[in-house]
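In the order they appear, the protein sequences are chains U and X. Start counting at 1 in the first sequence, then tack on 122, and there's your number in the working numbering. Start counting at 1 in the second sequence, then tack on 122, and there's your number in the working numbering. Below: the structure, in C-alpha cells.
2 protein chains.
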Amino acid sequence: MGQQRGARTRERILEATVTCLVEHGFASTTMQRVQNEAGVSRGALVHHFTSMDELLVGAVHHVAKRQLDTLIRDTPLLDCGTQGREQRVWLLHSVMSGPVFLAGLELWLAARTNPTLRAALVPVERELGHEINAALTGEDATGNLTRFELDEFLVTLRGLAITSVLREDPRVERHVIEDWIATRR
Amino acid sequence: MGQQRGARTRERILEATVTCLVEHGFASTTMQRVQNEAGVSRGALVHHFTSMDELLVGAVHHVAKRQLDTLIRDTPLLDCGTQGREQRVWLLHSVMSGPVFLAGLELWLAARTNPTLRAALVPVERELGHEINAALTGEDATGNLTRFELDEFLVTLRGLAITSVLREDPRVERHVIEDWIATRR
DNA sequence: CCTTAAACAGACCGAATGGTCTGATTCAGG
DNA sequence: CCTGAATCAGACCATTCGGTCTGTTTAAGG
Numbered sequence: 123m124g125q126q127r128g129a130r131t132r133e134r135i136l137e138a139t140v141t142c143l144v145e146h147g148f149a150s151t152t153m154q155r156v157q158n159e160a161g162v163s164r165g166a167l168v169h170h171f172t173s174m175d176e177l178l179v180g181a182v183h184h185v186a187k188r189q190l191d192t193l194i195r196d197t198p199l200l201d202c203g204t205q206g207r208e209q210r211v212w213l214l215h216s217v218m219s220g221p222v223f224l225a226g227l228e229l230w231l232a233a234r235t236n237p238t239l240r241a242a243l244v245p246v247e248r249e250l251g252h253e254i255n256a257a258l259t260g261e262d263a264t265g266n267l268t269r270f271e272l273d274e275f276l277v278t279l280r281g282l283a284i285t286s287v288l289r290e291d292p293r294v295e296r297h298v299i300e301d302w303i304a305t306r307r
Numbered sequence: 123m124g125q126q127r128g129a130r131t132r133e134r135i136l137e138a139t140v141t142c143l144v145e146h147g148f149a150s151t152t153m154q155r156v157q158n159e160a161g162v163s164r165g166a167l168v169h170h171f172t173s174m175d176e177l178l179v180g181a182v183h184h185v186a187k188r189q190l191d192t193l194i195r196d197t198p199l200l201d202c203g204t205q206g207r208e209q210r211v212w213l214l215h216s217v218m219s220g221p222v223f224l225a226g227l228e229l230w231l232a233a234r235t236n237p238t239l240r241a242a243l244v245p246v247e248r249e250l251g252h253e254i255n256a257a258l259t260g261e262d263a264t265g266n267l268t269r270f271e272l273d274e275f276l277v278t279l280r281g282l283a284i285t286s287v288l289r290e291d292p293r294v295e296r297h298v299i300e301d302w303i304a305t306r307r
C-alpha cells in the first residue's frame, strides 16, 4: 500500500498546480503557492519535481490526461447520424472548456516563450489530437466529422475559450456552436 | 519642443513593453527587461509608470491604439459587394494577427487573473469592438458583415491566433478563413 | 528486527523582483 | 538670466523567487 503514497502526493501536487494556474494564472503560479495549495512541504514538492519547468511539464501531461479521460468516458455514448453529429460537437466542447482546459490554455500560451514547456506540450497535444481524431472522425460511421471539420471546430472552441475569458456570455457561446453545426450540414 | 521629450520616451517604453511581451511572454516581462529594451533608466521608467500594473495598463491602451490605427488606415480602401466582403475579412485578419496582437493576447489572458488589468482591458476592448463594428458592419453598404457574423469571425480569429502559437501553419489559417467566407455567402 | 532507500520536512541561499529615494539635468516661462 | 517643475539617472531596499542542503520519517525486503 505504501507504493501508493508517493503517487498520491504527486497527484495532489499536480492537481494543486492546475488549481493555481486557474486561480492565479501562469505568471503567479509559484512553487510556494503550489505547495501551500497541495499542503505539502518544499521537500516533498522538490522530491517529485526537481525544477519549476519539470513541474509545469508534469502539469501538461496531467491536463492532457484529464482531457483524454473525459473523452474516452463519453465516447461510447455517441449515437450515429445527424443526432450523433451534434453529440460529437458538444462532447468536444465539454473536453475543450472548464477549469482543466483553462489551465491548459495558460500552459499553451506560456509554452510559446518557454522552450522546455513547448517541447513537452507539442507532442502531447499532437497525441491528444490523434485520440480525438480517432474517436470522432472517419468515413465509416455516419455522423462523424471530417478531419478538416475537426481542426476547424477546435479553432472555434479555442477562440470561444479565449473570448469567454473576458466576457462570460454562455448565449454567444451557444449561438456560435449551434451556428457552426447549422452551416455545415 | 521639450514637450515631446517625455512623450517620446513614454512611447519608447510602451513599445519596449510590447516587444518584451512578444519575445518573452507576460510572466517574463519585468521592469528590468523593459528598461533594458527601451534603453532608459529605472528613474525614467518609474517616472512615467509608477507601478508594474500601470505599465501593463499603458501597454493595453498602446496595443489597442496600434490596432485601431491599422483599422482606420485601411478602412477607406474597402470596396462594396462580394469583393468588399472578402476584403473586410482579410482586413480584420490583419488587425487581429501579428506581433502587436500577440502582445494583446498575452495581456488578455493575464487580465483573467489580474483585476487591475482586467478593469482596464474590458472597456478598451469594448470600444475597439465598437470601432470595428462601426467600420465593417451595417445594412447600408453592401458587403458589410452582420453584427453576429463579426462576433463569430472574431472568435475564429482568436482561435487561429492561439492555435498558430504552437503550430505555425499558414495554410490551415488560410484554409479556415477561406472556408469561413465560403460557408456564409 | 534491521537495513536501506524512498519520501518527506524545513532551514537556508543567491539572484531577481517591484518599488523607494536622493540627486542631477533639462527646459519652458517670467 | 533665474526659477521651478518636469524629466531622468542610478543607488538602494525589503520581499519573493527557484533551488540546494541536511536531517528525519516511513515502509518494504531480507
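All residues carry an ideal CB built from backbone N, CA and C; glycine is no exception. All values reported here derive from a predicted model rather than from experimental measurement.
Query raised in the report: Near X/Gly180, which residues of its chain fall below 7 Å by C-beta distance, leaving aside the five closest residues on each side in sequence?
Result: Mapped onto the second sequence, residue 180 of chain X falls at position 58. So the qualifying residues of the chain are Leu136, Phe171.
Query raised in the report: X/Glu145 touches chain U at which residues, Cβ-Cβ below 8 Å?
Result: Within the second sequence, residue 145 of chain X is the residue found at index 23, counting from 1. In chain order: Thr235.
Requested in this report: Give a yes or no on whether 8 Å exceeds the smallest Cβ distance from U/Thr268 to chain X.
Outcome: Locating residue 268 of chain U in the first sequence gives position 146, where the first residue counts as 1. So no, U/Thr268 is outside the interface.
Query raised in the report: Leaving out the 5 sequence neighbours to the left and right, which residues in its chain are closer than 6 Å to U/Leu213 when beta-carbon positions are compared?
Result: Counting from 1 along the first sequence, the entry for residue 213 of chain U is found at position 91. Answer for U/Leu213: Asp196, listed in chain order.
Query - Cutoff 6 Å; reference U/Asn266; Cβ partners in own chain excluding five residues on either side - result: On the first sequence, residue 266 of chain U is found 144 positions in, with the first residue counted as 1. The answer, listed in chain order, is Thr259, Gly260.
Requested in this report: Name, please, each residue of chain U whose Cβ falls closer than 8 Å to the Cβ of X/Glu228.
Outcome: Taking the second sequence and counting its residues from 1, the one referred to as residue 228 of chain X is at position 106. Simply Leu231.
Requested in this report: Give the single residue among X/Leu282, X/Glu133, X/Thr305 whose Cα lies nearest to the Cα of X/His215.
Outcome: Here residue 215 of chain X refers to the residue found at position 93 when the second sequence is read from its first residue. Of X/Leu282, X/Glu133, X/Thr305, the residue nearest in Cα terms is X/Leu282.
Query raised in the report: Looking at the C-beta of X/Phe148, does it have a partner C-beta in chain U at a distance below 8 Å?
Result: On the second sequence, position 26 is the one that residue 148 of chain X refers to. Yes, contact with chain U.
Requested in this report: Flag this pair as touching only if the segment 227-242 of chain X and the segment 290-307 of chain X have three or more C-beta atom pairs under 8 Å; answer yes or no.
Outcome: In short, these stretches do not touch, since the Cβ pair count stays below three.
Query raised in the report: Taking buried to mean at least 16 other C-beta atoms within 10 Å of its own C-beta, is X/Arg307 buried or exposed?
Result: The residue labelled residue 307 of chain X in the question sits at position 185 within the second sequence. By the 10 Å Cβ count, X/Arg307 comes out exposed.
Requested in this report: Go ahead and pull the three-state DSSP assignment for X/Leu224.
Outcome: Start at 1 with the first residue of the second sequence, and residue 224 of chain X comes out as number 102. Here X/Leu224 sits in helix by DSSP.
Query - Contact check, U/His184 vs U/Val140, beta carbons under 8 Å - result: Position 62 of the first sequence, counted from the start, is the residue given in the question as residue 184 of chain U. Position 18 of the first sequence, counted from the start, is the residue given in the question as residue 140 of chain U. Yes.
Query raised in the report: If you drop the 5 nearest sequence neighbours on each side, which residues of the same chain put their C-beta closer than 7 Å to that of X/Cys202?
Result: For the purposes of this step, residue 202 of chain X is taken as the residue at position 80 of the second sequence. Within the same chain, Ala263, Thr264, Gly265 come within 7 Å of X/Cys202 by CB-CB distance, once the 5 residues on both sides are set aside.
Query raised in the report: How about X/Gly281: is its C-beta nearer than 8 Å to some C-beta of chain U?
Result: The residue given as residue 281 of chain X occupies position 159 in the second sequence. Chain U, which has a Cβ nearer than 8 Å to the Cβ of X/Gly281, makes this yes.
Report task. Answer yes or no: does any C-beta atom of chain U fall closer than 8 Å to that of X/Glu261? Result -> For the purposes of this step, residue 261 of chain X is taken as the residue at position 139 of the second sequence. Chain U contact via Cβ: absent.
Requested in this report: Whole angstroms is fine: what's the gap from U/Gly128's alpha carbon to U/Ser163's?
Outcome: For the purposes of this step, residue 128 of chain U is identified with residue 6 of the first sequence, where counting begins at 1. For the purposes of this step, residue 163 of chain U is identified with residue 41 of the first sequence, where counting begins at 1. Going from the Cα of U/Gly128 to the Cα of U/Ser163 covers about 13 Å.
Query raised in the report: For U/Thr264, which of helix, strand or coil comes out of DSSP?
Result: Position 142 of the first sequence, counting from 1, holds the residue named residue 264 of chain U. Coil.
Report task. Tell me U/Thr141's beta-bridge partners as DSSP assigns them. Result -> As a first step, residue 141 of chain U is located in the first sequence; it is residue number 19 there, counting from the start. In the DSSP secondary-structure assignment, U/Thr141 is not bridged to any residue.
Query raised in the report: What residues in the segment 287-301 of chain X have a beta carbon less than 7 Å from any beta carbon of chain U?
Result: Val287, Leu288, Val294, Val298, Asp301
Query raised in the report: Contact check, X/Leu231 vs U/Val287 under 8 Å by CB: the rounded distance?
Result: Taking the second sequence and counting its residues from 1, one reaches residue 231 of chain X at position 109. Taking the first sequence and counting its residues from 1, one reaches residue 287 of chain U at position 165. Sure, about 6 Å apart at Cβ, within 8 Å.
Query raised in the report: If you measure from the beta carbon of U/Val244 to each beta carbon in chain X, is any gap under 8 Å?
Result: Position 122 of the first sequence, counted from the first residue, corresponds to residue 244 of chain U. Judged by the 8 Å Cβ criterion, U/Val244 is in contact with chain X.
Query - Neighbourhood of X/Thr305 by C-beta, 7 Å cutoff - its chain only, sequence neighbours within 5 removed - result: Here residue 305 of chain X corresponds to residue number 183 of the second sequence, with the count starting at 1. The answer is none, since no qualifying residue turns up.
Query - Uninterrupted beta strand (DSSP E) stretches inside the segment 204-252 of chain U (no shorter than 3 residues) - result: none
Report task. Going by CA-CA distance only, name the one from X/Leu178, X/Leu143, X/Glu133, X/Arg188 that's closest to X/Asp161. Result -> Working through the second sequence from its first residue, we reach residue 161 of chain X at position 39. Correcting the residue identity first, residue 161 of chain X is Gly in this sequence and not Asp. When each option's Cα is compared against that of X/Gly161, the closest is X/Glu133.
Query - X/Thr192 - containing alpha helix (DSSP H), residue span - result: To locate residue 192 of chain X, count along the second sequence from 1; it is residue 70. Per DSSP, X/Thr192 belongs to the alpha helix (DSSP H) from 174-196.
Query raised in the report: So with Cβ pairs under 8 Å, would you call U/Asp175 a contact of chain X?
Result: On the first sequence, residue 175 of chain U is found 53 positions in, with the first residue counted as 1. Any Cβ of chain X closer than 8 Å to the Cβ of U/Asp175 would place that residue at the interface, and such an atom is absent.
**Report entry** Inter-residue CB distance, U/Leu177 and U/Val156 (contact presumed, cutoff 8 Å)
**Finding:** Mapped onto the first sequence, residue 177 of chain U falls at position 55. Mapped onto the first sequence, residue 156 of chain U falls at position 34. About 7 Å; that satisfies the 8 Å criterion.
Query raised in the report: Got a sec: is the Cβ-Cβ distance from U/Arg306 to anything in chain X below 8 Å?
Result: Taking the first sequence and counting its residues from 1, the one referred to as residue 306 of chain U is at position 184. Chain X contact via Cβ: present.
Query - Cβ-Cβ distance between U/Phe270 and U/Val211 below 8 Å - result: Counting from one through the first sequence, the residue named residue 270 of chain U turns up at place 148. Counting from one through the first sequence, the residue named residue 211 of chain U turns up at place 89. Cβ distance not < 8 Å, so U/Phe270 and U/Val211 don't count as in contact.
Query raised in the report: X/Leu229 and X/Leu143 look like a contact to me (Cβ under 8 Å); what is the Cβ gap, rounded to whole Å?
Result: Position 107 of the second sequence holds residue 229 of chain X. Position 21 of the second sequence holds residue 143 of chain X. X/Leu229 to X/Leu143, Cβ: 7 Å. Contact.
Query raised in the report: Under the rule that 16 or more other beta-carbon atoms within 10 Å means buried, what is X/Gly226, buried or exposed?
Result: Walking along the second sequence from the start, residue 226 of chain X turns up at place 104. Buried is the call here.
Query raised in the report: If you run the structure through DSSP and keep just helix, strand and coil, what is U/Thr131?
Result: Your numbering for residue 131 of chain U matches position 9 in the first sequence. If DSSP states are grouped into helix, strand and coil, U/Thr131 belongs with the helices.
Query raised in the report: At a CB-CB cut-off below 7 Å, which residues of chain U make contact with X/Thr278?
Result: The count along the second sequence starts at 1 and reaches residue 278 of chain X at position 156. Result: Val277, Thr278, Gly281.
Report task. Check the Cβ of X/Thr285 against every Cβ in chain U and list those closer than 7 Å, keeping chain order. Result -> Within the second sequence, numbered from 1, the residue matching residue 285 of chain X stands at position 163. Ordered by position in chain U, the residues that pass the 7 Å Cβ test against X/Thr285 are Val277, Arg280.
Query raised in the report: Can you tell which of U/Leu193, U/Glu253, U/Arg234, U/Gln189 has its C-alpha closest to the C-alpha of U/Phe223?
Result: Taking the first sequence and counting its residues from 1, the one referred to as residue 223 of chain U is at position 101. Among U/Leu193, U/Glu253, U/Arg234, U/Gln189, the Cα nearest to that of U/Phe223 belongs to U/Gln189.
Query raised in the report: Between the C-alpha atoms of U/His146 and X/Pro198, what's the straight-line distance to the nearest angstrom?
Result: Residue 146 of chain U sits at position 24 when you count from the first residue of the first sequence. Residue 198 of chain X sits at position 76 when you count from the first residue of the second sequence. Roughly 43 Å separates the two Cα atoms.
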